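Student: The numbers in UniProt numbering rise by one with no breaks, and the one at position 85 of the sequence shown is 85. Positions of the beta carbon are idealized from the N, C-alpha and C atoms, including for glycine. In this text the structure is predicted, and so the values were computed from the model without any measurement.
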Amino acid sequence: MPFFPRMVSCSRNWYRSSSLLFKCAGNVHRQTCVPAYLMDRTKPAEEILKSLTPEDSARLEVILAEYQLMADKGWDVPAALQPLHKLDLLCCTSHSARMRHYEFLFKKEKMNENKIAKKLAKGSSVKTLADIPWTISPNHYTVDFPLNDLSKPVIYLSPNAPRCFEPGEWDHTAVYVIGAVVDKSVRRPVTLAKARRAGVQCIRLPLERYFNWSPGSGKCLTLNCIHDVMATAKSTNGDWETALRSHVPKRLYMETNIYSRQVKKLLTRI
């Protein structure tokens with residue numbers, strides 16, 4: 001079958017290129033001592049690389065060719081060689097030492113990538129309330145934000161409010177108070193009653209305007225979800241459709257087209 005000769009041919013080409021590379025690398029590293037000026041770390045690596053001797057410049061060219069060949073073959077080498085990396089490779093006195101240094105640089109690069117990925121994963125979602133950039137105060141909101149201050153009107157958020165936000169409505173000077181009830185079984189208008197006793201304006205999110213709620217799903221949203229909705233509405237100057245569709249879980253509501261298809265299917269059966 002033609003498959004086996006191809007394998008032999010590919011392996012022979014790889015062996016020839018690798019043998020040529022190792023042979024060149026061996027010729028370069030016939031000297032066992034490293035010049036003292038290459039070991040000097042008090043000077044910038046860029047400055048030392050500019051003042052290389054002809055022999056060290058030739059060694060550096062072979063090292064760069066070696067690195068490029070290894071990168072093309074998919075070996076474990078860093079994505080790019082910095083000036084300090086090139087200087088450290090010039091200080092390696094054997095091919096095996098360079099291989100170990102390539103592996104060290106590769107693992108170090110992957111460790112940094114993992115740290116960055118963990119930071120991004122941690123910043124992309126809120127794990128605890130302490131991760132949200134809030135100013136925590138033990139005082140009641142009426143103490144920090146007086147109700148008689150017309151420059152900063154206090155607006156209470158409640159799902160039982162008689163009025164909801166209109167498209168494009170957002171007051172950047174207002175103080176929005178989120179009424180949170182821990183017990184989901186409480187169906188009384190607790191937050192609305194508190195707002196009326198305090199004599200402040202009360203408003204709700206326009207959930208019914210953009211969503212058809214799934215059967216059996218309540219309109220209980222988490223505190224983190226409300227915070228994300230309010231933050232998006234603030235940044236978009238009251239684009240409530242974008243704010244709600246970006247953060248309200250899809251399991252709580254039904255898409256409009258799916259709902260209409262179910263209604264049509266039900267009507268055809270009648």
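1. Looking at the structure shown, is Asn212 part of a helix, part of a strand, or coil, going by DSSP?
2. Is it buried or exposed, Leu64, if we count other Cβ atoms within 10 angstroms and call 16 or more buried?
3. Taking 8 Å as the cut-off, decide whether the C-beta atoms of Cys225 and Val190 are in contact.
4. What do you get for Tyr37, buried or exposed, if any count of 16 or more other CB atoms within 10 angstroms of its CB means buried?
5. Am I right that Val177 and Tyr156 are in contact with their C-beta atoms under 8 Å? What's the rounded C-beta distance?
6. With DSSP as the reference, label His29 as helix, strand or coil.
7. Within this structure, are the beta carbons of Asp171 and Pro153 separated by less than 8 Å?
8. The beta strand (DSSP E) spanning Tyr176 covers which residue range?
9. In whole angstroms, what is the alpha-carbon distance linking Arg204 and Ala161?
10. Skipping 5 residues on each side, what residues in its chain have a beta carbon closer than 8 Å to that of Thr53?
11. Among all the DSSP beta bridges, which residues are the ones paired with Ile203?
12. What are the start and end residues of the alpha helix (DSSP H) that includes Tyr67?
13. Could you give the C-beta distance for Ala79 and Glu109, rounded to a whole number, given that I count them as a contact under 8 Å?
14. Tell me the rounded alpha-carbon separation between Asp228 and Lys119.
15. Given a cut-off of 8 Å on the beta-carbon distance, is the pair His86 and Leu60 in contact?
16. If you run the structure through DSSP and keep just helix, strand and coil, what is Tyr253?
17. What number of angstroms, rounded off, separates the C-alpha of Phe106 from the C-alpha of Glu55?
18. For Val143, count neighbouring C-beta atoms within 10 Å of its own C-beta (all shown protein chains included) and say buried if the count is 16 or more, exposed if not.
19. May I have the straight-line CA-CA distance separating Thr93 from Thr232, to the nearest angstrom?
20. Please say whether Pro206 and Cys164 have beta carbons closer to each other than 8 Å?
21. Which same chain residues, not among the five before or five after Leu89, have their C-beta less than 7 Å away from its C-beta?
Tutor: In terms of the structure at hand:
1. Stepping through the sequence shown from its first residue, residue 212 is reached at position 212. Per DSSP, reduced to three states, the secondary structure at Asn212 is strand.
2. Here residue 64 corresponds to residue number 64 of the sequence shown, with the count starting at 1. Exposed, by the Cβ-count rule.
3. Locating residue 225 in the sequence shown gives position 225, counting from the first residue. Locating residue 190 in the sequence shown gives position 190, counting from the first residue. Contact flag unset, no.
4. Translated into the one-based positions of the sequence shown, residue 37 becomes position 37. Classification of Tyr37: exposed, given that the 10 Å Cβ count is below 16.
5. Translated into positions along the sequence shown, residue 177 becomes position 177. Translated into positions along the sequence shown, residue 156 becomes position 156. Yes, Val177 and Tyr156 are in contact; Cβ-Cβ is about 5 Å, under 8 Å.
6. The residue you call residue 29 lines up with position 29 of the sequence shown. Any reading at His29 must be qualified, since the residue scores a pLDDT of 46, below 50, and its modelled position is unreliable; the value itself is stated next. For His29, the three-state secondary structure derived from DSSP is coil.
7. Working through the sequence shown from its first residue, we reach residue 171 at position 171. Working through the sequence shown from its first residue, we reach residue 153 at position 153. Yes, the Cβ-Cβ distance between Asp171 and Pro153 is below 8 Å.
8. Taking the first residue of the sequence shown as position 1, residue 176 is located at position 176. Start and end: 175–178.
9. Locating residue 204 in the sequence shown gives position 204, where the first residue counts as 1. Locating residue 161 in the sequence shown gives position 161, where the first residue counts as 1. As the crow flies, the alpha-carbon of Arg204 is around 5 Å from that of Ala161.
10. Translated into the one-based positions of the sequence shown, residue 53 becomes position 53. Pro35, listed in sequence order.
11. Here residue 203 is taken as the residue at index 203 of the sequence shown, counted from 1. Its beta-bridge partners are Leu157.
12. Along the sequence shown, read from residue 1 onward, the residue named residue 67 stands at position 67. From DSSP, the alpha helix (DSSP H) with Tyr67 extends over 54–72.
13. Here residue 79 is taken as the residue at index 79 of the sequence shown, counted from 1. Here residue 109 is taken as the residue at index 109 of the sequence shown, counted from 1. Confirmed, about 7 Å.
14. Your numbering for residue 228 matches position 228 in the sequence shown. Your numbering for residue 119 matches position 119 in the sequence shown. Spanning the two alpha carbons is a distance of roughly 20 Å.
15. Locating residue 86 in the sequence shown gives position 86, counting from the first residue. Locating residue 60 in the sequence shown gives position 60, counting from the first residue. It should be noted that the sequence gives Lys, not His, for residue 86. For the pair Lys86 and Leu60, the CB atoms are nearer than the 8 Å cut-off.
16. On the sequence shown, residue 253 is found 253 positions in, with the first residue counted as 1. DSSP places Tyr253 in strand when its eight states are reduced to three.
17. As a working note, residue 106 is residue 106 in the sequence shown. As a working note, residue 55 is residue 55 in the sequence shown. Spanning the two alpha carbons is a distance of roughly 27 Å.
18. Taking the sequence shown and counting its residues from 1, the one referred to as residue 143 is at position 143. So Val143 counts as exposed.
19. The count along the sequence shown starts at 1 and reaches residue 93 at position 93. The count along the sequence shown starts at 1 and reaches residue 232 at position 232. Rounded to whole angstroms, Thr93 and Thr232 show a C-alpha spacing of 58 Å.
20. Mapped onto the sequence shown, residue 164 falls at position 164. Mapped onto the sequence shown, residue 206 falls at position 206. Their beta carbons are under 8 Å apart, which means Cys164 touches Pro206 by this criterion.
21. For the purposes of this step, residue 89 is taken as residue 89 along the sequence shown, with counting starting at 1. These residues qualify, in order along the chain: Ile63, Arg98, His101.
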